[in-house]
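Engineer:
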Amino acid sequence: MIASPIPGSLAMDLLEEINQIRIIDPHSHIPPEAPAAKSIDDLLSYHYFTELAHSLGMPKACLAEGYSARERCREILLYVSRMDNTAQYSWLMSILKTTLGYSRQALDPKDCDQLYDLSEKVYQAPGWENQSLELGPIDQVFLTNDFDDPLEGFDPARYVPCLRTDELVFHWQKPGVKERLARRTGVDVSDRKSLARALRELFQYFLRHGARACAISLPPGFHAQKVSEGDLNQEFSHQGASVGRSQGIFWEIATCCEEFGIPFDLMFGVNRDVFPLGVHQGRDLFDQRISLIQLAPLFNAFPTVKFPVSVLSSPQNSELVAYSWIFPNVIASGHWWYANIPSLIEQDLRSRLHGIPREKILGYYSDMYKLEFGPPKYLMFKQILARVLAEDYVAPGAMSRAQAISLAQDLLRNNAERIFPSK
Amino acid sequence: MIASPIPGSLAMDLLEEINQIRIIDPHSHIPPEAPAAKSIDDLLSYHYFTELAHSLGMPKACLAEGYSARERCREILLYVSRMDNTAQYSWLMSILKTTLGYSRQALDPKDCDQLYDLSEKVYQAPGWENQSLELGPIDQVFLTNDFDDPLEGFDPARYVPCLRTDELVFHWQKPGVKERLARRTGVDVSDRKSLARALRELFQYFLRHGARACAISLPPGFHAQKVSEGDLNQEFSHQGASVGRSQGIFWEIATCCEEFGIPFDLMFGVNRDVFPLGVHQGRDLFDQRISLIQLAPLFNAFPTVKFPVSVLSSPQNSELVAYSWIFPNVIASGHWWYANIPSLIEQDLRSRLHGIPREKILGYYSDMYKLEFGPPKYLMFKQILARVLAEDYVAPGAMSRAQAISLAQDLLRNNAERIFPSK
Amino acid sequence: MIASPIPGSLAMDLLEEINQIRIIDPHSHIPPEAPAAKSIDDLLSYHYFTELAHSLGMPKACLAEGYSARERCREILLYVSRMDNTAQYSWLMSILKTTLGYSRQALDPKDCDQLYDLSEKVYQAPGWENQSLELGPIDQVFLTNDFDDPLEGFDPARYVPCLRTDELVFHWQKPGVKERLARRTGVDVSDRKSLARALRELFQYFLRHGARACAISLPPGFHAQKVSEGDLNQEFSHQGASVGRSQGIFWEIATCCEEFGIPFDLMFGVNRDVFPLGVHQGRDLFDQRISLIQLAPLFNAFPTVKFPVSVLSSPQNSELVAYSWIFPNVIASGHWWYANIPSLIEQDLRSRLHGIPREKILGYYSDMYKLEFGPPKYLMFKQILARVLAEDYVAPGAMSRAQAISLAQDLLRNNAERIFPSK
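Protein chains in written order, with the working numbering: chain A, 1 to 423; chain B, 1 to 423; chain C, 1 to 423.
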């Protein structure tokens, strides 16, 4: 894999020990009713591959519903084989090797049918879900749940619910949102007071079903700000999107996190739909001109709420290190999306380790849609972690090997347990 | 040279193979009527040296026309010898060693006269132009041509014309621009329609003379935006600079790129004349507070036009990686100006390789004014590329040596051929 | 220490030579009447430890005046022992080892009493101040002096006064500032003319007492701009904070720097009091959305004033490299505050070395409040410098060892002497 340690190196020794750590993955998009892939079609349909293939010129036709899955795989693999320099390619090669025994040095698109058939056999065999997790090894995976998700039919000790609140905050004006909230909570929201009641119902529902976090992604232009009761009541009388209403609902959700004692994951900086002609989930980008100072009023107003914060680029990581270093309730969380490539992980991770107390770093999350991606994505992170621990700490004598492994345990497991405790 | 691989290392082995690749240089300022230096005066007058010398305190007197070339060299060398830590110094030392056999470890300004005399002899000997290119080895060099450049007297298969459009877009109001365009195209521009006719004449002229690209540098405050026919017509009735007119002309040029099927190089982020007292070409700086989202309307509106994009700093590179990864028509291009130093090239290149499909990366361009700078500037890039390929790909087993060399070929030659095809 | 060179490496060889260089430290907060610590309480009360401990959950009670120093140390050490991954922890461990012979691999908070007692004995012994400096070895330390500091009772050849002007520029409206200035200078400021007289009195006072620099920290929103005499006179009639008055006073101070020939240190980008509930000196953060172009009018208007500039993050460092490369009077200065961790120092230093003439780089300053922190903070910098010199210059053959050591001498001593000459 790209940038992995050299065999025989100190980093490789550390990696072998780090690979024993049983991981808690604090953010994913796993659908608990179908957590594992059924074939390589579920792997190749991951937006990382469809968007990169599209970026290389692949027409979108093969992504339409009803298109033959096998032919879609043939098409996508043609393009994926031309991006052998990317981190995403190395995730795929790692999966194919580990789960299907694929042993070529370079991906050959002519192997598609064979891989397709084999993947159906392997991935649909009994016990595959467990085996797939064990390749991590991953013990717990946090989910991303819509506010009206029933949260039933899975074990919340393995798949931990997390209340995703983007729709409530940013799409209140969209048809059905208000009604769906009313159905879930029994409260028809028309002002600040009814909003507060509905959200409390919602939080209680989620907590009864094992939820341990609330989450949202925020656009670059967002400023966290308390909205007065009067102003917020006004906002609920409008149609259409409204900055004030978004700010007010967001603030009320933070208030619920405070009351119910659960962390609020903030994924800061994504611009939705910058490339409207892109593939599904491949249309969002970012604007580097943001600052965490836009969220400072929130950090100040809710000192008991933990805010794991994710950012999209290295420049923003400089701020995240400083804000996590100063604010007791700000936690540096994972390596998100466009920042989730080895070169950026390495520099961001090093800065976090040099500047933030270890308990305040959530090392990594998979962000995966299918379990098969957990192991290679975590492996990429662990390889970089092993190199940084070897070069910056163990080789210079700043830490013993045991200390370094214990630091890795904090990053991969203990901190997630501490920050998102089971109730 | 700064940061070059260690003799005997895997990176050095790769570098030796990479050095065989015959380069296509997709951006330079070579004057085809005098492509090579006539003496070291042509080397030392490169703005990198005059501006750094001036920054160290050199008075500007020696840069005036009519000043003795030999004495100018003496003066500049005094200062250049005091910047032995810089990348620019190592380009010069590399040229002096390779072309003049200069063998000192450190530049001694007392050698000036000897170097001057020798350089006149070597550089003015028959065949020097070819020898100089062969040191790359460089097969093709793209030019930067004013819109009324005659484009004659050189071989466009070696020196490829490129239509530079800054004047038309940003200096329309300056005396003579409109008239020069009328002389070249026979069209007197007074509104959108006549602009469209003039630009089509211009593009046809350039294409008949072998042009393969259009190019522009954009200030940090620029937002790409379509301007309505009515508004643009209005703008042409004004005197003075106008944001709307610049946007309208720019958009019309992009339309021509679409119609004529040629790429549009965008060099984004330079602020002109920040230091008005600086030396010629040493007055421009940048403002990091920009985002590629300012250009997203362009990328969306012209899906068939390829946009090789250059940026000025690592923070902006994070965005460039993401935008090239998502937009099929955005290409990450070279390491521009203030970002063209080893430390920044290394981190920017690694991020591009980890996140962008290889075909969408134009590895490097020389930006040179004289051919002698092609070899050392490319060597700097190739040294870094060799180290990244060794450390991130070959040593970890992610690529074979042959795969890595093929990747280097894409970056140094094939992608330029693919992106800027000969017509 | 984190990221230090490996024993036996070329970098370690260079480090041993670099460690002989007698340092001039161009910025600190040393109180010359009590430059050294009296016990570990003076070490642990450094804001880096109190803010990081607070960020880990330490209540602020122990920081109140009157709290037992010994018990405060017990409390802080409990938290500090949990941040063994940070650069700050490694400074402390280095001090404890070097000055108190502490030899554990990891800090054990149970050792607190023993360390406390021993530190009182060692630090209060005669000659400790000299010994402490000799561990650097540091010859001169620049101070940070309020405008009405008496500047007496210390040797200005060792502790060099520096006029800090934040209060005059940004807190003019606060009770007592105007009066204190009147007391120091005999001038009651009511308009531009009286301001000019008062500042000249002030500068003369400072220069008579050995001052060699003027300094200020600037918030991200600051734009340097000349204010007309009339407008500034108007501003002095207002109460309350005023942007125009701040700009006007700032400009007048720069004018004094020009007249009296002393450099003006600019520390650009800090937002004060972002976290009002934080510990003392642990409340300030930054906003990355700034540009040095905000200061360009200053650099242009005062070509003979040297401006050593510090920035707070790597993104801003890209600009600082470019501005120092172009403007003769801009100097890249140290690694400030949140940027003072090994990972960021390394990338910022490499960029500066590759792009800025060596004479225009002030390598490092301690920013310390007690002398004990000079040696470990400088050691961190020297370790990184040694690795960069080894990897980027000596190993590739771009410099001999002697050249590399001479470069280190410029960064650690000579440039400070050149830029801040004794009068």
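For every residue, glycine included, the Cβ atom is placed at its ideal position computed from N, Cα and C.
Bear in mind the structure is a predicted one, so any value in this text is a computation, not a measurement.
Determine the closest residue to Pro303/C out of Trp337/C, Phe264/C and Leu389/C, with distance taken between C-alpha atoms.
Structural biologist: Per the Cα distances, Phe264/C.
Engineer: Hey, out of Glu359/B, Leu349/B and Tyr378/B, whose CA is closest to Glu391/B's CA?
Structural biologist: The option with the nearest alpha carbon to Glu391/B is Leu349/B.
Engineer: Would you mind telling me which residues of chain C sit closer than 9 Å to Thr86/B, beta carbon to beta carbon, in chain order?
Structural biologist: Simply Trp325, Leu353, His354, Gly355, Ile356, Pro357 and Arg358.
Engineer: Going by beta-carbon coordinates alone, are Ser343/B and His335/C separated by less than 8 Å?
Structural biologist: Not closer than 8 Å, so no.
Engineer: With distances taken from CA atoms, which of Lys121/A, Leu56/A, Lys60/A and Ser90/A is nearest Tyr378/A?
Structural biologist: Residue Ser90/A is the option with its Cα nearest to Tyr378/A.
Engineer: For Ala404/C, which of helix, strand or coil comes out of DSSP?
Structural biologist: Correct three-state label for Ala404/C: helix.
Engineer: Whole-angstrom Cβ separation of Leu202/C and Arg183/C, contact assumed at under 8 Å?
Structural biologist: Leu202/C to Arg183/C, Cβ: 11 Å. No contact.
Engineer: In this structure, does DSSP put Pro263/C in helix, strand or coil?
Structural biologist: Of the three classes helix, strand and coil, the one that applies to Pro263/C here is coil, per DSSP.
Engineer: Could you work out which residue in Ala87/C, Gln88/C, Ala402/C and Ala322/C is closest to Leu312/B when comparing CA atoms only?
Structural biologist: Checked all of Ala87/C, Gln88/C, Ala402/C and Ala322/C; the closest Cα to Leu312/B is Ala322/C.
Engineer: To the nearest angstrom, how far is the alpha carbon of Pro35/B from that of Ser94/C?
Structural biologist: Approximately 57 Å, taken between the alpha carbons.
Engineer: Can you give me, in chain order, the residues of the segment 382-401 of chain B that have a beta carbon less than 8 Å from any beta carbon in chain A?
Structural biologist: The residues in question are Glu391, Asp392, Tyr393, Ala395, Pro396, Gly397, Ala398, Met399 and Ser400.
Engineer: Inspect the beta-carbon positions of Pro357/C and Leu56/B and report whether they are closer than 8 Å.
Structural biologist: Contact: yes.
Engineer: Quick check on Pro35/B - is its C-beta less than 8 Å from some C-beta in chain C?
Structural biologist: False, the Cβ-Cβ gap to chain C never drops below 8 Å.
Engineer: In whole angstroms, what separates the C-alpha of Lys382/A from that of Asn145/B?
Structural biologist: Roughly 50 Å separates the two Cα atoms.
Engineer: Quick check: is the beta carbon of Ser55/B nearer than 8 Å to any beta carbon in chain C?
Structural biologist: At least one chain C Cβ lies under 8 Å of Ser55/B.
Engineer: Mind the definition here: the segment 38-53 of chain B touches the segment 281-295 of chain B only if three or more C-beta pairs lie below 8 Å; say whether that holds.
Structural biologist: They touch, by the three-pair rule.
Engineer: Measuring straight from C-alpha to C-alpha, what distance separates Ser400/C and Pro7/A?
Structural biologist: Distance between the alpha carbons of Ser400/C and Pro7/A is about 33 Å.
Engineer: Spatial neighbours of Pro156/C within its chain, please: CB distance less than 7 Å, with the 5 preceding and 5 following residues excluded, ordered by chain position.
Structural biologist: The residues are His209 and Gly210.
Engineer: Cα-Cα, which of Asn317/B, Ile30/B, Leu411/B and Ser333/B is closest to Cys162/B?
Structural biologist: Comparing Cα-Cα distances from Cys162/B to each of Asn317/B, Ile30/B, Leu411/B and Ser333/B, the minimum goes to Ile30/B.
Engineer: Within its chain, find whatever has a CB closer than 7 Å to the CB of Gln239/B; leave out the 5 residues flanking it on each side and keep chain order.
Structural biologist: Contacts found: Gln173.
Engineer: Got a sec, what are the start and stop residues for the alpha helix (DSSP H) Cys214/A sits in?
Structural biologist: Where Cys214/A is concerned, there is no enclosing alpha helix (DSSP H), although the beta strand (DSSP E) it sits in stretches over Ala213 to Leu218.
Engineer: Select from the segment 42-69 of chain B all residues with a C-beta closer than 8 Å to any C-beta belonging to chain C, and list them in chain order.
Structural biologist: Taking 8 Å as the Cβ-Cβ cut-off against chain C, the residues of the segment 42-69 of chain B that qualify are Glu51, Leu52, His54, Ser55, Leu56 and Gly57.
Engineer: Of the choices Leu285/A, Leu14/A and Ala395/A, whose alpha-carbon is the least far from that of Met1/C?
Structural biologist: Ranking the options by Cα distance to Met1/C, first place goes to Ala395/A.
Engineer: Within the continuous alpha helix (DSSP H) that includes Phe435/C, where are the two ends?
Structural biologist: The first residue shown for chain C is 1 and the last is 423, placing residue 435/C beyond what the model contains.
Engineer: Establish whether the CB of Asn130/A and some CB of chain B are separated by less than 8 Å.
Structural biologist: No - not a single Cβ of chain B is within 8 Å of the one on Asn130/A.
Engineer: The beta strand (DSSP E) spanning Asp139/A covers which residue range?
Structural biologist: Taken as a continuous stretch (DSSP letters only), the beta strand (DSSP E) holding Asp139/A covers Ile138 to Phe142.
Engineer: Tell me which same chain residues have a C-beta within less than 6 Å of the C-beta of Phe275/C, skipping the five on either side of it?
Structural biologist: Cβ neighbours of Phe275/C beyond the five flanking positions: Arg283.
Engineer: Taking only the alpha-carbon atoms, compute the straight-line gap between Val169/A and Ser314/A and give it to the nearest angstrom.
Structural biologist: For Val169/A and Ser314/A, the distance between alpha carbons rounds to 27 Å.
Engineer: Taking one C-beta from the segment 411-419 of chain A and one from the segment 62-80 of chain B each time, how about it: are there three or more such pairs within less than 8 Å?
Structural biologist: No: the two stretches stay apart, fewer than three of their Cβ pairs being nearer than 8 Å.
Engineer: Using the beta-carbon count (16 or more within 10 Å), is Gly248/B buried or exposed?
Structural biologist: Flag for Gly248/B reads buried.
Engineer: Just reading off the alpha helix (DSSP H) that Ala386/B is part of, what are its end residues?
Structural biologist: Gly374 to Val388 is the span of the alpha helix (DSSP H), which, as asked, contains Ala386/B.
Engineer: For the alpha helix (DSSP H) that Cys73/C lies in, which residues bound it at each end?
Structural biologist: Element bounds for Cys73/C: Ala69 to Val80.
Engineer: Within the continuous beta strand (DSSP E) that includes Val309/C, where are the two ends?
Structural biologist: Residues Phe307 to Val311.
Engineer: With Val177/A as the anchor, note down where its beta strand (DSSP E) starts and where it stops.
Structural biologist: No beta strand (DSSP E) contains Val177/A, which is instead part of the alpha helix (DSSP H) from Val177 to Thr185.
Engineer: Please report the straight-line C-alpha distance between Gly374/B and Ser366/B, rounded to a whole angstrom.
Structural biologist: Cα to Cα, the separation comes out at about 6 Å.
Engineer: Please report the residue range of the alpha helix (DSSP H) in which Asp42/B lies.
Structural biologist: Where Asp42/B is concerned, the enclosing alpha helix (DSSP H) stretches over Ile40 to Leu44.
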